[in-house]
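Step one of this worksheet: look at the structure below.
Shown next as structure tokens:
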């Protein structure tokens, strides 16, 4: 076989071998395809099972979300709310959970891209966590919310989304607030000029307030005007100059008002505020805060926004705090400038400085760069009990002196280290405190002195603040004392939050309610007192509605022992530092026993009315019955005169006529008493009364004894009075004067004097008189009159009552064995 033949044979064998290998490979590939097909079918089945499991799991999770107390929202894939729970409705500004809305309407246009990207991620991954976004609620409240969300699947298709929403507005605002204050504090450190400070703070304030407008005004009180000195936004041109720079007087605009009064302003709608002045554009919200140094407004921070209700009370509070920091910085700058100026003047005129320092009320110590005393004053020597004059102190080594007196201070080593640290830094130190072992507290300032950049010494300024420290301790003591008083006061005291949950109770409330502190704190007060039944909750709701109109009302409650009690409740709103209402302060007084006494009093009054009615009837019967024997006596006297006509002498006939006249007066008096007691009670029947006729009628009725003479002096008037009562008044007083006259020849005088608004009468006698110690109690009106009581006392009680009814006064002047004088006035 030739070489060529052998070569061809080998090639055919190789070709056959390759064909067989190819056939084997194709068969293997076919087998692999079949296996892959089977595997793909298994994977598809497994995938469908997993999707079904996922759908069921999401449904279970949805049920869990609906039972939680956080805000829970379900929306379709277009952002429309499908359902929400009560916390979600409250957070988003809805009145009910059935209201509909597209959540994209609550997103600001500037946040649209952020929301779209987050939504794409949610659809892609099936969940979204830790997503934060600012929104405007259905009630136009600005809030920042934190969202965790997931997709809801039906079979293998996404059909909706569900999420937990939390309100993190306050957290975010506090973070922004702290960041703003920290950034501004750092940025203005070392700044000495108000313009430099304004450049640093305007941009940061505008960013915090979410506005493009922030202007700083400088206040010039000498010219009575404010002037724009720096701004951000459209107010500044490319060259850093203010566009349309405004200057106006202190009595114009919101800025002028704040500059004049020092009161910050938050205006939610400038269209309703006549003070608003349009700058470049008309904006609807404005916030204005003063920068105050030493009780004087030196600058104004003013910011505006085109939308209503843009700024918040928290932002106002932040700007107020910020303005204080800026004010302190400006004050520090002013103080530093003044210190440098004082230092230069010190170098120029040492003698003038000595005179000035010696007259200061603070301790002054001036040291050179080698810590040798240049000058000090008597106050410094007195503060530290140094037995030398200021002149003798000059040139002394302060290093040795500090080491010698260190033990007089609390923490001697710390005292020395602090001095060395201050001297090493060579930076001004203000209000550094040091405390001595004897209890004295000093506040010191350190001022380094430089001449053309070369350190030449330093000035120490010491002030004794022991009294101030003691005063602050006393204030704290008083605060603690009043806190203890509140805790232990007899009135129950409760602090409630806006949801009615108890934040604080004192001991007295625990006593009157029977509940312990653990029963009340953190719990809703009305549920503790009334339970959860519908009637009781309705009752408490009515009380709450009433509380909005009145701050004092009565409340029926059951204490812990289920005893019915009546409380007198006074509730007033409680406000936080931001001016927002945070709840209520309630004061509770148990008046159960007082109410029982009131009911007893009402019963007694009713019984008294019945007794008075019975007494009226009795007086009517008695007065009526008294007339019968009087008429009988009158008839008998008439018969006696007729039977003895011509037989009796003139004197006897005169006496009989006197008896009949007296009987007639007696019957008239009884009739008047009957009318007075049965019809009028304490009412007056006023008429014109001739007082002279009344007195002589009274004298005739009384049958004054022959040894007593009644003198009626002067011309008596006709007055407007109750005639019956006036007769009783004079009858009682004249009868009393006659009855208690022990003289053989006694006298009674009736005097009268007309005054501006009154008639003054006097009934005077020369009888036995009245002891002075009884003068104030003689006219006491008896609450009950019995037959055992002294008739004179009853008569004087009636006299006092009659005078009182005529709007007059009565008094007595009397001495034993010298007679009595009864004075009384009747109003004209």
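Numbering (my numbering), first residue to last: 4 to 831. C-beta atoms are modelled at their ideal positions from N, C-alpha and C, and glycine is treated no differently.
- Query: So which of 179, 672, 220, 221 has the shortest CA-CA distance to residue 211?
  - Reply: 179
- Query: Is residue 500 helix, strand or coil when you go by DSSP?
  - Reply: strand
- residue 273 beta carbon less than 8 Å from that of residue 288: yes
- Would you identify the three-state DSSP class for residue 830, choosing helix, strand or coil? strand
- Task: Could you tell me whether the Cβ atoms of residue 326 and residue 292 are closer together than 8 Å?
- Result: yes
- Express the C-alpha separation of residue 480 and residue 389 in angstroms, rounding to a whole number. 34 Å
- Query: Which whole-angstrom value is the C-beta distance of residue 294 and residue 304, which I expect to be below 8 Å?
  - Reply: 7 Å
- Task: Note down the Cα distance separating residue 308 from residue 136, rounded to an integer number of angstroms.
- Result: 21 Å
- Query: Roughly how many whole angstroms lie between the Cα atoms of residue 197 and residue 221?
  - Reply: 9 Å
- Would you identify the three-state DSSP class for residue 169, choosing helix, strand or coil? strand
- Query: From residue 344 to residue 369, what distance separates their C-alpha atoms?
  - Reply: 16 Å
- Contiguous alpha helix (DSSP H) assignments of at least 4 residues, all confined to the segment 112–190: 115–128, 172–190
- Kindly indicate the opening and closing residues of the beta strand (DSSP E) around residue 756. 749–757
- Item | Neighbour-count burial assignment, residue 823, 16 or more Cβ in a 10 Å radius | buried
- Item | Close Cβ partners of residue 716 (< 7 Å) along its chain, the five nearest in sequence each way excluded | 752, 753, 754
- Message: If distances are taken between C-alpha atoms only, which option among 697, 758, 582, 807 comes closest to residue 269?
- Response: 582
- Task: Return no unless some Cβ of chain B is closer than 8 Å to the Cβ of residue 332.
- Result: No chain B is present in this structure, which holds just one protein chain.
- To the nearest angstrom, report how far apart residue 691 and residue 723 are at their CA atoms. 5 Å
- Query: If you count every other CB in all the chains shown that lies within 10 Å of the CB of residue 342, and 16 or more means buried, which is it?
  - Reply: buried
- Item | Proximity to residue 496 [Cα-Cα], best of 589, 432, 585 | 589
- Task: Would you list, in sequence order, the uninterrupted alpha helix (DSSP H) runs of no fewer than 4 residues that lie entirely inside the segment 231–274?
- Result: 256–264
- Query: Is the number of C-beta pairs between the segment 730–749 and the segment 700–718 that are closer than 8 Å three or more?
  - Reply: yes
- What do you reckon, is the C-beta of residue 598 under 7 Å from a heavy atom of the ligand HEM? With respect to the ligand HEM, the structure shown offers nothing to examine, as it has no ligands at all.
- Item | Whole-angstrom distance between residue 467 and residue 346, CA atom to CA atom | 23 Å
- Item | Closest residue to residue 405 among 418, 393, 414 (Cα-Cα distance) | 418
- Message: I need the straight-line Cα distance from residue 803 to residue 584, nearest angstrom please.
- Response: 57 Å
- Expressed to the nearest angstrom, what Euclidean distance is found between the alpha-carbon atoms of residue 60 and residue 527? Its pLDDT being 45, under 50, residue 60 is placed unreliably in this model, and the coordinates cannot settle the point.
- Could you tell me if residue 813 is buried or exposed, where buried requires 16 or more neighbouring beta carbons within 10 angstroms of its beta carbon? buried
- Task: Scan the segment 427–462 and note each continuous beta strand (DSSP E) run of 3 residues or more that stays entirely inside, going in chain order.
- Result: 432–438, 444–454
- Residue range of the unbroken beta strand (DSSP E) whose run includes residue 507: 505–508
- Item | Three or more C-beta pairs below 8 Å linking the segment 152–171 and the segment 180–187 | no
- Check each candidate in 329, 155, 806 and name the one with the smallest Cα separation from residue 725. 806
- Taking Cβ to Cβ, would you say residue 306 is nearer than 8 Å to residue 208? yes
- Assuming residue 563 and residue 591 form a contact by the criterion Cβ under 8 Å, report the distance between their Cβ atoms to the nearest whole angstrom. Contact flag wrong, Cβ pair sits at about 14 Å.
- Start and end of the alpha helix (DSSP H) containing residue 107? Element bounds for residue 107: n/a, residue is neither H nor E.
- Item | Residue span of the alpha helix (DSSP H) that contains residue 529, given as start and end | 528–533
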